[in-house]
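Comments concern the structure below.
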Amino acid sequence: MAGGNGFNVDDLVEPDRVHRACYVDEEIFEREIRHIFHKAWIYVGHESQVPKAGDYATTVIGRQPVIMVRHPDRSIHVLYNRCPHRGAMLCSQRAGNVGSAFTCSYHSWQFKLDGKVRHIPIQNGYDNTRFSLDSPDAHMKAVARMEVYRGFVFASLSAEGPDLKDWLGTAIAGIDDMCDRAPEGEVEVVPTCFRMVQKSNWKIFLENQLDAVHPSITHTSTGLAAQKVEQEMLAETGQPPPLSYHYISAFAMELDKWGALDVVGHPNGHCVLQGYMGLRPTDPDTLEYEAVMRKHYGPERTEEILDVNIHHLLVYPCLSIQSPLQQLRAVRPIAADRTLTEIWHFRLKGAPEPIYRRALDYFYLVNSPSTMINADDLYNFRKCQEGLQSEGGDWVSFHRNAGQDRVEGGITTTNIGFSEAPMRNQFEAWRDYMTAETAS
Amino acid sequence: MSSAQDVLPGAVSLPVANASLETQHAVEQFLYRQAEILDDRLWDDWLALFTPEGHYWMPAAPEQMVGEGQPNIFYEDHYLMRVRIGRINHPNAWSQYPPNRTGHVVSNVVVEAEDPSSGDLVVRSKFYVAEYRNDEQRFFAGKYRHHLTSGPDGYRIQLQRVDIVNVEGPFDYVLQYWI
């Protein structure tokens, strides 16, 4: 099937390598928007972003600007951000409150919070025309499907396809892991979103998230600098350094340790990389938190929850979740060589404040605009994007440990952390989406 | 000599101290020196600008009142600043090849408050920074608010608040170090 510029999509993906056109070709990118981002479940936001009636948050699904809004009946609606009159966006800010109705700034058409028209000025002007308030064209359009799982709002622009839970499949464990770690079983967003434009294809970012070889190479400078300061701090103050230093010094751990991590490939391209940071220390803050957890869940269930060991969950193609540190990065492709990430972190409802501070420290050190970690990732991403323009070779290699995965019930498991199994798993889903006959 | 208050009696929401010309001169020289230290990447000198408890703080929102316990773009004490410097100086800090280069201009220096007994100051100023790296140029503008302690060897920064005008982003690349 032609994917663009004469490329046949089937020919671009082989089990252990993919063609560079997947990353650099603009027509392939347009097809990704239609076949993947306008079809799959895409993360819109968290319901705690819109706690009160009239609260809204805007984002994009593929190329489509959308609004997530809280209705007075507490339901959440995801609507196309477009006035049906002349097409103006109804909400131009990233978040706010519209009161009881959306009002267009152009001609004052008004819509209720479920998108149904409330008022159109100069109504007699429509007498004897084809337009009436009963027409579907009078209302804001809702996305084809919207579902909320434990507060996480997803939407699909396609009426067809599996429901959200089936689509997430076994990868749902990553969202459960984040929420279960809250004594009250829910998380709440911290309303600061860091946004970063990456000068690279969206897939390069997702592939990097579960790449266990790169940290001790890409992040060696920061990891070693943090290790040195950890030692100095101990010598100068006699106190062990805060856990946050370990978050970044761990990036310099020996390559062998990364190789021992488990990687799981789930259906639909979702993947999980096992955790490595050892987030169950025995300091008083952790012990207090674990006591609160036992009060809510009982000792047995608490152990089950805290033993879940996930570093990264990829919800393909739209999300990278770090559940034990309550971080989330949503992927918004802009062009073949440009990707916006929206970075959020969450509070565990009912957990003591020091536990939130850990999520905050990680958010700062790894995900803020001053990050000493992503600084070097972003540079690698950009260099990949520029290098992939080269005709010095057509293929991107995902051969490492190919053929050594265990596959059972659609789930691929490897205990070789270095395996490029997660990349192969993502491209299997990519090929399925891209070769499917129907696109919305 | 007339004070700033005499010149602008209506500007009550922007406090101004009646600082001496000598104080105004000294603090301006301090801010210029800090800008030079950043542009010349003199990291030991940079650390020496701060008191032992000093913090460099760039909030993530203009209305933020404290750095502690909040999401920030920067919130760094000596130890974190030392990590950042250690990283930049490491030969494998990949995104420092090529390194970024900056030119700072600091202006509109207003002494906001002066403690008559200690000489400690709160000082507002504006900055404009051009940054060049890897064939690309970026610009940052905003305001500084320095809490300075006064001692026998001059001023030290107890807290430097930095509000950049594009605080909400999006950022097209990270901030490698302090603005």
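In order, the protein sequences belong to chains D and R.
The working numbering applies: residue 206 is where the first sequence begins, and numbers increase by one.
The working numbering applies: residue 8 is where the second sequence begins, and numbers increase by one.
Just so it is clear, CB atoms sit at the ideal spot from N, CA and C, and this is done for glycine as well.
query: Contact check, Gly615 of chain D vs Pro522 of chain D, beta carbons under 9 Å; result: no
query: Helix, strand or coil at Tyr180 of chain R according to DSSP, with G and I counted as helix; result: coil
query: Meets three-Cβ-pair contact criterion under 8 Å: the stretch 423 to 435 of chain D and the stretch 586 to 594 of chain D; result: no
query: Alpha carbon of Val283 of chain D to alpha carbon of Ile233 of chain D, nearest angstrom; result: 27 Å
query: Segment contact, 8 Å Cβ cut-off, at least three pairs: the stretch 386 to 396 of chain D with the stretch 451 to 467 of chain D; result: no
query: beta-carbon Glu232 of chain D near the ligand NAD non-hydrogen atom, thresh 8 Å; result: The ligand content of the structure shown is nil, which means the ligand NAD is not present either.
query: For Glu138 of chain R and His419 of chain D, the rounded distance between their alpha carbons; result: 28 Å
query: Buried versus exposed, by CB contacts within 10 Å (16 or more), Glu70 of chain R; result: exposed
query: DSSP state of Ala626 of chain D mapped onto helix, strand, coil; result: helix
query: Separation of Pro559 of chain D from Pro447 of chain D, as counted between CA atoms; result: 11 Å
query: Exposure of Asn286 of chain D, with buried meaning 16 or more beta-carbon neighbours within 10 Å; result: buried
query: Touch test, the stretch 138 to 149 of chain R against the stretch 168 to 181 of chain R, Cβ-Cβ under 8 Å, three pairs minimum; result: yes
query: Strand pairing of Tyr261 of chain D, partner residues [DSSP]; result: D:Val274, D:Gly301
query: Reduced DSSP category for Gly208 of chain D - H, G, I as helix; E, B as strand; rest coil; result: At Gly208 of chain D, the pLDDT of 49 sits below 50, so the modelled position is not reliable; the number obtained from the coordinates is stated separately. Strand, per DSSP.
query: Start and end residues, beta strand (DSSP E) containing Tyr567 of chain D; result: That residue, Tyr567 of chain D, is in no beta strand (DSSP E); its alpha helix (DSSP H) goes 558 to 567.
query: Proximal chain R residues relative to Arg658 of chain D, where beta-carbon distance stays under 9 Å; result: With chain D represented from 206 up to 645, any question about residue 658 of chain D goes unanswered, as that position is not in the structure.
query: Cβ contact check for the stretch 594 to 611 of chain D and the stretch 110 to 125 of chain R: 3 or more pairs under 8 Å; result: no
query: Contact under 9 Å by Cβ, Gln183 of chain R with Asn96 of chain R; result: no
query: Under 7 Å by beta carbon: chain D residues contacting Arg94 of chain R; result: Ser426, Thr427, Ala430, Met577
query: Beta-carbon contacts of Met8 of chain R that lie in its chain and below 6 Å, excluding the five residues immediately before and after; result: Bear in mind that the predicted position of Met8 of chain R carries a pLDDT of just 42, short of 50, making it too unreliable to give a figure here.
query: Arg587 of chain D to Gln298 of chain D span [Cα, whole Å]; result: 29 Å
query: Closer than 9 Å to chain D by CB, Met8 of chain R; result: Because Met8 of chain R carries a pLDDT of 42, less than 50, the predicted location of this residue cannot be relied on, and the following value inherits that uncertainty. Not closer than 9 Å to any Cβ of chain D, the Cβ of Met8 of chain R fails to qualify, so no.
query: Gln444 of chain D classed as buried or exposed, judged by whether at least 16 other C-beta atoms fall within 10 angstroms; result: exposed
query: For Met8 of chain R, the three-state DSSP class (helix, strand or coil); result: Because Met8 of chain R carries a pLDDT of 42, less than 50, the predicted location of this residue cannot be relied on, and no value is offered for it.
query: Per DSSP, cross-strand counterpart(s) of Lys150 of chain R; result: R:Lys133, R:Asp170
query: Residue(s) in a DSSP beta bridge with Pro66 of chain R; result: R:Asn79
query: Bounding residues of the beta strand (DSSP E) (the contiguous stretch that carries Asn115 of chain R); result: 108 to 121
query: Nearest neighbour of Ile186 of chain R, chosen from R:Arg89, R:Leu45, R:Thr30, R:Ala24 [CA to CA]; result: R:Leu45
query: Minimum Cβ-Cβ distance from Pro538 of chain D to chain R less than 9 Å; result: no
query: Host beta strand (DSSP E) of Cys476 of chain D (start-end); result: 476 to 479
query: Close beta carbons around Gly480 of chain D, own chain, < 7 Å, minus the five adjacent residues each side; result: Asn514, Ile515, His516, Pro529
query: Where Tyr86 of chain R meets chain D, residues with beta-carbon distance less than 7 Å; result: Val434, Met438
query: Beta-carbon spacing of Ser125 of chain R, Ser157 of chain R below 9 Å; result: yes
query: Selection from R:Thr30, R:Phe134, R:Met88, R:His32 that minimises the alpha carbon distance to Leu49 of chain R; result: R:Met88
query: Cβ pair Ala378 of chain D, Val477 of chain D closer than 9 Å; result: yes
query: Buried versus exposed, by CB contacts within 10 Å (16 or more), Tyr104 of chain R; result: exposed
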